[in-house]
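Residue numbers (the working numbering): 7 to 362.
Note that CB positions come from ideal geometry on N, CA and C, so glycine has one too.
Reviewing the structure listed below.
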Ligand code: CP3
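Here is the structure:
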């Protein structure tokens, strides 16, 4: 079943860049490229709630393709959310307009771990696999399809905090107060992630991104213990499982947003991931110097630079590519695109990168 019967791929620039092969031009995609800055996305969302879109393969596919139809991007990313894993583990997650994701009954202390269930990923998250398979067909080989997941610490922090937070204090409290139970929870989540990523590749994902969106709350000690350990394990086990099941490996991207430069260096040098995503606070020249030539870097224009004039966006995009260099590089924003980003800014960003 795996990776067979799909239309031939016409643009493999991002896969080449991920593997460190030379490319004719720098590939690019945009985090949250299917989203609220697109009127056609609002059109779908006016009729369906957020998780219904995720759970209905035809709708998830439609929304995934929206930015690909409009722009000259080099990759698509399946429309879903990182919080489908906590849902599959038994927690209620709702998307509250203007607030974001909310978990009304978060984990309060380790006794709440008993509330979590061990999902059957192939069954409970089958809708994601089905959306991936459908999208691979509908893409007609135009660009590769990226599958994704949240990383264990980011998912754990949502499960404890119950939603977004500027401090994540409840989640960090667990790391100091209940270190063993924190590891227990991270381990449970990591096992689900491994099954989930393997399932996504079998369904047709050609690249995988692991979002550690809450790395900014971790110092080097906490990052090593509670993030890096699991990121590394996920990469190793996913590759091992794919090998055992005779499924060709796919490149993997880790995006530990807000991680310190030391933490990023540790992850880069571990060679667990082909690609390291960088947020906009990381200096490209320093990143290249510290992480060495054996890793592809992805990023990292400040999403708020998209509010500048088109000319300035083009200049900044070109300048960014010049700093990272054209090999072992995937252009992107340094985090998800803002919902009020002008469409013409997106076109300018793409033009800037592709004109180098
Ligand atoms: O990139 C894509 O086009 C694929 C879709 C995608 C979504 N969420 C759709 C979405 C991806 C890759 C994600 C990942 C995700 N979800 C992350 C990791 C990336 C990051 O931003 O750090 C996180 C932390 C989440 C959790 C989440 N989901 C938040 C914090 C929010 C609210 C964001 C906001 O600005 O309101 C969501 C909702 C969400 N996920 C939206 C979309 C398009 C907007 C909600 C809507 O349509 O009503």
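| task | Pick helix, strand or coil for residue 303, following the three-state DSSP scheme. | result | As a first step, residue 303 must be located in the chain shown, where it is residue number 297. Residue state, collapsed to three classes: strand.
| query | If residue 116 sits next to residue 187, beta carbons under 8 Å apart, how far is it from one beta carbon to the other, in whole angstroms? | reply | In the chain shown, counting from the first residue as 1, residue 116 sits at position 110. In the chain shown, counting from the first residue as 1, residue 187 sits at position 181. At roughly 4 Å, the Cβ-Cβ gap stays under 8 Å, so residue 116 and residue 187 are in contact.
| request: Report the residue ranges of all beta strand (DSSP E) runs contained in full by the stretch 248-296; include only those spanning at least 3 residues, in chain order. | output: 258-262 and 281-283
| request: Between the Cα of residue 256 and those of 193, 151 and 49, spot the shortest distance and give me the residue it belongs to. | output: In the chain shown, the residue the question calls residue 256 occupies position 250. For the residues 193, 151 and 49, the minimum Cα distance to residue 256 belongs to 151.
| Supposed contact pair residue 329 and residue 290 - C-beta distance, whole angstroms, cut 8 Å | Indexing the chain shown from 1 puts residue 290 at position 284. Indexing the chain shown from 1 puts residue 329 at position 323. Confirmed, about 4 Å.
| C-beta contact flag for residue 108 and residue 168 at 9 Å | On the chain shown, residue 108 is found 102 positions in, with the first residue counted as 1. On the chain shown, residue 168 is found 162 positions in, with the first residue counted as 1. Going by C-beta atoms, residue 108 is nearer than 9 Å to residue 168.
| message | Using the Cβ count rule (16 or more neighbours within 10 Å means buried), how would you classify residue 33? | response | As a working note, residue 33 is residue 27 in the chain shown. It is buried - the Cβ of residue 33 has at least 16 other Cβ atoms within 10 Å.
| Are there 16 or more other CB atoms within 10 angstroms of the CB of residue 68, so buried, or fewer, so exposed? | Position 62 of the chain shown holds residue 68. So residue 68 ends up on the buried side.
| residue 359 classed as buried or exposed, judged by whether at least 16 other C-beta atoms fall within 10 angstroms | What you label residue 359 is simply residue 353 of the chain shown in a count that begins at 1. By the 10 Å Cβ count, residue 359 comes out buried.
| field | Host beta strand (DSSP E) of residue 24 (start-end) | value | Numbered from 1 along the chain shown, position 18 holds the residue referred to as residue 24. Taken as a continuous stretch (DSSP letters only), residue 24 belongs to no beta strand (DSSP E), being part of the alpha helix (DSSP H) at 19-25.
| Regarding residue 217 and the ligand CP3, is the C-beta to nearest heavy atom distance less than 8 Å? | Looking up residue 217 in the chain shown gives position 211. Yes, since a heavy atom of the ligand CP3 falls inside the 8 Å radius drawn around the Cβ of residue 217.
| message | Is residue 164 a contact residue of the ligand HEM, with contact defined as CB to any heavy atom under 8 Å? | response | The ligand HEM is absent from the structure shown, which contains only the ligand CP3.
| query | Which residue spans inside the stretch 35-73 form an unbroken alpha helix (DSSP H) run of at least 4? | reply | 45-51 and 56-61
| Any heavy atom of the ligand CP3 closer than 8 Å to the CB of residue 141? | Position 135 of the chain shown, counted from the start, is the residue given in the question as residue 141. Not so, every heavy atom of the ligand CP3 lies at least 8 Å from the Cβ.
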